[in-house]
Amino acid sequence: VISLIHKYLNAGVVQKGMFQRTEDGVPQGGPLSPLLSNIILNELDKELTRRGHRFVRYADDCMIFCKSKRSAQRTLTNIVPYIEGKLFLKVNQDKTEVAHISKVKYLGYTFYRYKGKCRLRVHPKSIKKMRDKIRELTSRSNGWGNAYRALKLTQFVRGWVNYFVLADMKQMLKRTDEWMRHKIRTIYWKQWKKVKTKFRELKKLGVEQEKAWICANMRNGNWYCGGYFVLQTAFKNNKLRELGYPTFTEKYLKICKN
Numbered sequence: 001v002i003s004l005i006h007k008y009l010n011a012g013v014v015q016k017g018m019f020q021r022t023e024d025g026v027p028q029g030g031p032l033s034p035l036l037s038n039i040i041l042n043e044l045d046k047e048l049t050r051r052g053h054r055f056v057r058y059a060d061d062c063m064i065f066c067k068s069k070r071s072a073q074r075t076l077t078n079i080v081p082y083i084e085g086k087l088f089l090k091v092n093q094d095k096t097e098v099a100h101i102s103k104v105k106y107l108g109y110t111f112y113r114y115k116g117k118c119r120l121r122v123h124p125k126s127i128k129k130m131r132d133k134i135r136e137l138t139s140r141s142n143g144w145g146n147a148y149r150a151l152k153l154t155q156f157v158r159g160w161v162n163y164f165v166l167a168d169m170k171q172m173l174k175r176t177d178e179w180m181r182h183k184i185r186t187i188y189w190k191q192w193k194k195v196k197t198k199f200r201e202l203k204k205l206g207v208e209q210e211k212a213w214i215c216a217n218m219r220n221g222n223w224y225c226g227g228y229f230v231l232q233t234a235f236k237n238n239k240l241r242e243l244g245y246p247t248f249t250e251k252y253l254k255i256c257k258n
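Note that full-length UniProt numbering has the sequence shown beginning at 1, numbered continuously upward.
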C-alpha cells in the first residue's frame with residue numbers, strides 16, 4: 001500500500017496536454033485524494049484521541065472542540081507543530097482559526113445552541129449556492145421543456161435535502177418553496193407570451209373567464225404577474241405536483257418521518 005501511495009504522489013499530472021511533475025501534494029480533485037487524506041490523517045485522529053480532544057474530521061477538513069477560546073488557542077498552537085513536524089503536512093493558515101461554533105462553516109453546515117445543546121443549520125453561503133442553482137435550472141436560456149426542467153429540479157432537490165437532512169431547516173425550506181413556486185409560475189407566464197395564449201391557458205387551468213381575461217391583459221412585469229393571485233390559484237401546489245415539480249419541504253419531512 002505504501003508503495004502504491006508513493007507511486008501515486010510522484011505520478012505527475014497532465015494539464016492542457018502537457019505532463020507536469022508534482023513535487024509535493026496530490027492532484028486536486030483526484031478520486032484518491034480523500035483516501036490518501038484518511039490514510040495519513042489517521043495518525044492525527046489517534047493523537048487527538050490520545051490528548052483527550054473532541055473532534056470531527058472529514059478527509060482533510062478537521063474541527064477540534066474546546067471549552068474556551070483560551071483552550072482552543074492553546075490546542076491550535078500545540079497541534080500545528082505535530083501536523084507539520086510529525087506528519088510532514090502543510091497547514092493552510094488562511095483556513096485555520098479559532099472561532100466560536102456559531103461562526104464556523106463546516107461541510108456546508110453552521111451551528112447554534114438551543115437549550116444547552118449544539119444543533120445544525122444550513123450555512124447562509126450554502127443557501128445562496130442552492131438558490132443560484134435553482135436560478136440556473138429555471139433559466140429559459142437552457143432551452144429545456146417543462147417536463148425536463150421538473151425532472152432536473154426533482155433530482156437537485158432530492159440530492160440537496162438528502163445531504164442537509166441533519167439541519168434544522170423546516171421554515172427556511174418553506175420560504176424556499178414559495179420562492180421556487182413563484183419562479184415556476186413566472187416561467188409559464190413568459191412562455192405564453194400573447195394575450196390570447198395566456199387567456200386560453202388560464203381557462204384550461206380552471207380560472208374563471210373574467211379573471212382569466214383581466215390577468216391575460218396585465219402589462220406588469222413577469223415577476224409581478226408570477227406572484228399574482230390568479231396564477232397562484234391556477235398553479236396550486238397540487239397542480240405543480242401533478243406537473244412533476246418537487247418541494248423541499250415534502251422531501252425533508254418524508255426523510256425525517258422515516
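From the three backbone atoms N, C-alpha and C, an ideal C-beta is built for every residue, glycine too.
Classification of residue i by the beta-carbon crowding that lies within 10 angstroms, buried from 16 upward
i, result
"N85", "Reading the sequence as shown, one finds Gly at residue 85 and not Asn. It is exposed - the Cβ of G85 has fewer than 16 other Cβ atoms within 10 Å."
"I255", "exposed"
"H100", "exposed"
"V157", "buried"
"P246", "buried"
"S126", "buried"
"M18", "exposed"
"R140", "exposed"
"K190", "exposed"
"D177", "buried"
"T249", "buried"
Close-in-space but distant-in-sequence residues of the same chain around residue i (CB under 7 Å, 5 per side omitted)
i, result
"G90", "Contrary to the premise, residue 90 reads as Lys rather than Gly in this sequence. Once the five neighbours on either side are set aside, the close Cβ partners of K90 are E84."
"residue 261", "The question about residue 261 has no answer, for the chain in this structure spans 1 to 258."
"T75", "H53, I64 and C66"
"Y112", "S102, R119 and R121"
"M130", "W160"
"G145", "none"
"P34", "A59"
"A167", "Y109, L120, R121 and V122"
"Q73", "V98"
Endpoints, the alpha helix (DSSP H) within which residue i is located
i, result
"V230", "F229 to A234"
"D45", "S33 to R50"
"C66", "Per DSSP, C66 belongs to no alpha helix (DSSP H) and is neither H nor E."
"V195", "V195 to K204"
"R241", "N237 to E242"
"residue 265", "Look at the range of the chain in this structure, 1 to 258, and you will see that residue 265 is not part of it."
"K251", "F248 to K257"
"G226", "N222 to G226"
The beta strand (DSSP E) enclosing residue i, as first and last residue numbers
i, result
"Q93", "No beta strand (DSSP E) contains Q93, which DSSP labels as neither H nor E."
"M18", "M18 to Q20"
Residue(s) in a DSSP beta bridge with residue i
i, result
"Y58", "D61"
"V14", "F19"
Cutoff 8 Å; reference residue i; Cβ partners in own chain excluding five residues on either side
i, result
"V195", "A216 and N217"
"I40", "L87 and L89"
"N237", "R181 and T247"
"V80", "V91 and T96"
"T154", "G244, Y245 and P246"
"L151", "G244"
Close Cβ partners of residue i (< 6 Å) along its chain, the five nearest in sequence each way excluded
i, result
"T110", "R121 and H123"
"K203", "A212"
"F164", "V122"
"K183", "T138"
"L228", "Contrary to the premise, residue 228 reads as Tyr rather than Leu in this sequence. Hits under 6 Å: none found."
Practice prompt. Tell me the start and end of each unbroken alpha helix (DSSP H) in the stretch 106 to 171 that is at least 4 residues and wholly inside, in chain order.
Written response: Within the stretch 106 to 171, the runs of alpha helix (DSSP H) that reach at least 4 residues and sit entirely inside it are, in chain order, 124 to 137 and 146 to 164.
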